[in-house]
Structure formats: structure tokens, C-alpha cells
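Only one structure is covered here, and it is reproduced in the block below.
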Amino acid sequence: RVDTLLDPGSPFLELAPLAANGMYGDQAPAAGVIAGIGRVSGRECVIVANDATVKGGTYYPMTVKKHLRAQEVALENRLPCLYLVDSGGAFLPMQDEVFPDRDHFGRIFYNQARMSGAGIP
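Every position in the sequence shown, counted from 1, becomes a number in our numbering once 7 is added.
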């Protein structure tokens with residue numbers, strides 16, 4: 008899905024491809040989400056895409072951390088953030104670690120609002 012979004016022939020710099028390596032019984036490679044920087048319509052963007060082949064695209068605690076880090080990169084560099092969402096939400100057996108406070112899952116929406124408020128499309 009990411010490749011079809013990118014401009015033809017443009018590079019994609021994946022962020023944290025080894026996130027969650029060795030965690031969760033190796034059931035969440037790359038924390039179940041692809042995140043990186045690529046060119047779309049001639050503009051550099053941060054792209055975050057759930058991998059639906061990993062537990063239905065659900066969010067593990069490390070998935071949240073990787074997503075938040077990608078948003079930090081976008082905010083620091085004033086890059087638009089594009090989301091390709093195919094997710095069942097939180098991985099239910101670990102939901103207590105996904106939703107515990109303001110610096111976890113809900114922070115994703117807060118960060119998006121901050122970027123919008125800063126004029127980042």
C-alpha cells in the first residue's frame with residue numbers, strides 16, 4: 008500500500024523497522040506498523056501504515072510508541088502525516104498498556120491536532 012502511494016521511483020526511508028524485535032513472541036514484526044518518509048505528489052511526507060497481516064493491524068504498546076515517534080519526526084520537520092489505517096484498534100490482551108494515560112494511544116490524536124494547528128497539512 009505504501010509503494011502505490013509514493014511517487015514512482017522515489018525513495019522511502021523506513022523509521023524503526025526493528026521496533027518490537029524479539030517482543031510479543033515475535034508476533035508483531037516492526038511493531039505491526041510501517042512508518043517512514045517518502046515523496047507523495049512531489050512533497051516529502053511521513054507515512055504511517057498499519058500492517059493488517061499482523062494481528063489485524065491492532066496496536067501493541069510498541070506500535071503506539073513507533074506511531075508517536077513518526078509523528079514527532081513529522082512535527083519537527085513540518086512534514087505532512089499520511090495514515091493508511093487498516094486496524095482493529097488496540098490488541099485487547101494488552102489494552103491496559105495501550106491506553107494507560109495521555110502519552111499513549113490518545114496522544115496520536117492530540118499530536119495530529121497540534122500539527123494541524125501549526126499549519127502542517
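Using N, Cα and C, we set each Cβ at its ideal position, and we do this for glycine too.
For residue i, is the classification buried or exposed, using 16 other Cβ atoms within 10 angstroms of its Cβ as the cut-off for buried?
| i | result |
| --- | --- |
| Val53 | buried |
| Leu86 | buried |
| Ala56 | buried |
| Tyr31 | buried |
Rounded to whole angstroms, how far is the Cβ of residue i from the Cβ of residue j, which I believe are closer than 8 Å?
| i | j | result |
| --- | --- | --- |
| Arg46 | Leu89 | The pair is not a contact, with the Cβ atoms about 11 Å apart (cut-off 8 Å). |
| Gln78 | Ile44 | Actually they are not in contact, since the Cβ atoms of Gln78 and Ile44 sit about 12 Å apart, beyond 8 Å. |
| His111 | Val71 | 5 Å |
| Ala26 | Val61 | Contact flag wrong, Cβ pair sits at about 12 Å. |
| Ala59 | Asp93 | 4 Å |
| Arg121 | Leu82 | 7 Å |
| Val40 | Lys73 | 6 Å |
Does the Cβ-Cβ distance between residue i and residue j come in under 8 Å?
| i | j | result |
| --- | --- | --- |
| Tyr132 | Ala42 | Here the chain comprises residues numbered 8 to 128, so residue 132 is not present and cannot be evaluated. |
| Val9 | Leu91 | yes |
| Ala23 | Thr65 | no |
| Asn28 | Leu75 | no |
| Gly63 | Gly95 | yes |
So, helix, strand or coil for residue i, using DSSP?
| i | result |
| --- | --- |
| Val40 | strand |
| Arg8 | coil |
| Gly45 | strand |
| Asn57 | strand |
| Arg85 | coil |
| Ala97 | strand |
| Leu75 | helix |
| Tyr67 | coil |
| Ile115 | helix |
For residue i, which beta-bridge partners are listed by DSSP?
| i | result |
| --- | --- |
| Glu21 | Gly43 |
| Arg50 | Val47 |
| Tyr90 | Val55 |
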